[in-house]
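Q:
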Amino acid sequence: MRHDTVAGLDIGTTKTCAVVAAEGPSGLEIVGVGEAPSLGMRKGVVTDLEETIKSIEAATEKAERMAGVHISDVYVAITGEHIRSTNNRGVVAVTGPDREVVPQDVRRVVDASKIINISADRQIIHALPRQFTVDGQDGVEDPVGMAGGRLEVDTHIITGGTSFITNVLKCVHRAGLEAAGLVVEPLASSAATLLDEEKQVGVVLLDIGGGTTDIAVYSGGGAIYTSTIPVGGNILTNDIALGLKTTTAQAEQIKRTYGAGTIDGESAHIFSAQTLDGRSERDVSTTQLRQIVVPRVQETFRMAKTKIIDNVPRDLILGELVLTGGGAHLRGIEALAEEAFGLPVRVGMPKTIGGLTEALAQPEYATAIGLILFGPNEGGALNGHYSRRGTTVFRKLGRWFSDLWN
Ligand SMILES: Nc1ncnc2c1ncn2[C@@H]1O[C@H](COP(=O)(O)OP(=O)(O)OP(=O)(O)O)[C@@H](O)[C@H]1O
Ligand SMILES: [Mg+2]
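Each residue of the sequence shown is one higher than the last, beginning at 196 in the working numbering.
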């Protein structure tokens, strides 16, 4: 793999996507992308190793061919109900001769904040500093160079189930790749879609995929809550197929065309849906479709909202809700989200970072693009699963501690 390239691998429930970016004259540019259907994943976790390996191989081969580079190391997206988060604090004494905070102290204090009680079957994937405190002075973004005797940090810590992570890494490894690092999907998708000002003011991100909905809440510039619920857009397709007694393929097409059916202010209209045997058609109204789709979307939002309410401080101010992932395409979803959360809603398209961005300017690519943006700066720990090979050149792209805020 060329030393100036970076690759991300998003093994989703419906599709596996590999993205390669290279350092161009005006920064990072996407030079290759490959996609293949995922047949071995359910609700974000591997259920069939062989199928998942095939999907990874197919997606990476396509991306390699397009980019004309060999991919060897990839930042890997991790999701699933096993992802949990918590906030913790670390404290260390600054011991250097001048009592000046050095990068080593920052590393030590972040490590100190990683001392949390987790069961033996779980591991820490990320420890993201939210703010530092130097000798009682809080709100410090970058303590390096400051004078002080006591350094504290508030971190957002994300953990995952080791066996779920190991299964993903097994597939990556058996597809001939090395994991350069892990990134939980809510963070990857946030890196691709959220603006710094949104993260500062307070924002909720929902990445509605096929089998999962990733949740990230940011406030004061950093993540404060991350989680994943095992429900995504595929359940809507199932509901439509059952409700309209039609095939999954037809239900998917109906969902993509008519979405939440009749939406406010529209009059109902009739479309036809194939019967299960595919031999005849039946008339269906968009009102009927709405009765199927809306309760399920509302339920998903309720689940996400309950998780957030139960886990963020009561006085937290949130200014906006950003929807991304393939599910964000659902016609009428913004109004439903606005109603459910009582927040202004926008659909988050992945940031344009140069290169092949047009083809990727869709919410379903937020995670893959986010891996490229977030991974090199703060790809989560591999815990010695499959060793990180060398270090990425992109580490030099910034002082590591300030990048942790991304
Ligand atoms: N136009 C559309 N209207 C409604 N839903 C859509 C539309 N286009 C795609 N979807 C839905 O988006 C979902 C796939 O999204 P995405 O590609 O983000 O999932 P994934 O990353 O494979 O899965 P996950 O993140 O859950 O592991 C599917 O349920 C699909 O039906
Ligand atoms: Mg996804």
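From the three backbone atoms N, C-alpha and C, an ideal C-beta is built for every residue, glycine too.
1. Would you kindly work out how many angstroms separate the C-alpha atoms of residue 423 and residue 282, rounded to a whole number?
2. Take residue 533 as the anchor and find which of 547, 517 and 522 has the nearest alpha-carbon.
3. Quick test of your reading: residue 531 and residue 455, contact by CB under 8 Å. State the CB separation rounded to the nearest angstrom.
4. Grouping DSSP H, G and I as helix and E and B as strand, with all else coil, what is residue 323?
5. Would the C-beta of residue 267 count as close to ligand 1, meaning under 7 Å from any of its heavy atoms?
6. Considering only C-alpha positions, which residue in the set 358, 404, 553 and 311 is nearest to residue 244?
7. Just reading off the alpha helix (DSSP H) that residue 347 is part of, what are its end residues?
8. State the CB to CB distance for the pair residue 431 and residue 450, rounded to an integer number of angstroms; the pair is presumed to be in contact (CB under 8 Å).
9. From what residue to what residue does the beta strand (DSSP E) around residue 232 run?
10. Sorted by chain position, which residues of the same chain lie with C-beta nearer than 7 Å to residue 221's C-beta, five sequence neighbours on each side aside?
11. I need the DSSP call for residue 360, collapsed to helix, strand or coil.
12. What first and last residue would you give for the alpha helix (DSSP H) that runs through residue 555?
13. What is the DSSP secondary structure of residue 271, reduced to helix, strand or coil?
14. Report the rounded CA-to-CA distance for residue 383 versus residue 477, giving the unit in angstroms.
15. Note down the Cα distance separating residue 563 from residue 378, rounded to an integer number of angstroms.
16. Am I right that residue 523 and residue 403 are in contact with their C-beta atoms under 8 Å? What's the rounded C-beta distance?
17. With hydrogens ignored, establish whether the beta-carbon of residue 276 is closer than 7 Å to any heavy atom of ligand 2.
18. Starting from the N-terminal side, write out each stretch of the beta strand (DSSP E) that is 3 residues or longer and does not extend beyond the stretch 500 to 548.
19. Taking the CB atoms as reference points, tell me whether residue 275 and residue 407 lie closer together than 8 Å.
20. Is residue 370 buried or exposed, if buried means 16 or more other CB atoms sit within 10 Å of its CB?
21. Express the C-alpha separation of residue 435 and residue 559 in angstroms, rounding to a whole number.
22. By Cβ distance, which residues of its chain are closer than 7 Å to residue 246, with the 5 residues on each side in sequence left out?
23. Compute the minimum distance between the beta carbon of residue 427 and the heavy atoms of ligand 1, and state whether it is under 7 Å.
24. Distance, Cα to Cα, residue 412 vs residue 439?
25. Return yes when the Cβ of residue 269 is within less than 8 Å of the Cβ of residue 387, no when it is not.
26. I'd like to confirm something about residue 562: is its beta-carbon nearer than 7 Å to some heavy atom of ligand 2, or not?
27. Note down, in chain order, each residue of its chain lying with its Cβ closer than 6 Å to the Cβ of residue 441, except the 5 sequence neighbours on either side.
28. What's the gap between the Cα of residue 597 and the Cα of residue 204?
29. Spatial neighbours of residue 341 within its chain, please: CB distance less than 6 Å, with the 5 preceding and 5 following residues excluded, ordered by chain position.
30. Taking just the CA atoms, how far does residue 565 sit from residue 332?
31. Cutting at 7 Å between CB atoms, please list the residues of its own chain near residue 322, excluding the five before and the five after it.
A: Let me lay it out:
1. 17 Å
2. 517
3. 6 Å
4. In the structure shown, residue 323 sits in a strand (DSSP, three-state: E or B).
5. no
6. 358
7. Unbroken run through residue 347 is the beta strand (DSSP E), 345 to 356; no alpha helix (DSSP H).
8. 6 Å
9. 222 to 232
10. Short of 7 Å from the beta carbon of residue 221, and not among the five residues preceding or following it, lie these beta carbons of its own chain, in chain order: 549.
11. helix
12. 552 to 555
13. Shown here, residue 271 sits in a strand according to DSSP, grouped into three states.
14. 42 Å
15. 10 Å
16. Right, their Cβ atoms sit about 6 Å apart.
17. no
18. 515 to 519 and 540 to 542
19. Yes, they are a contact pair.
20. Within a 10 Å sphere around the beta-carbon of residue 370 sit 16 or more other beta-carbons, which makes this residue buried.
21. 21 Å
22. 234 and 235
23. yes
24. Going by C-alpha positions, residue 412 is about 36 Å away from residue 439.
25. no
26. It does: the Cβ of residue 562 is within 7 Å (strictly closer) of some heavy atom of ligand 2.
27. 468 and 469
28. At residue 597 the pLDDT is 31, less than 50, meaning the model places this residue with poor confidence and gives no usable figure here.
29. 296 and 329
30. 33 Å
31. 305, 308, 309, 350 and 352
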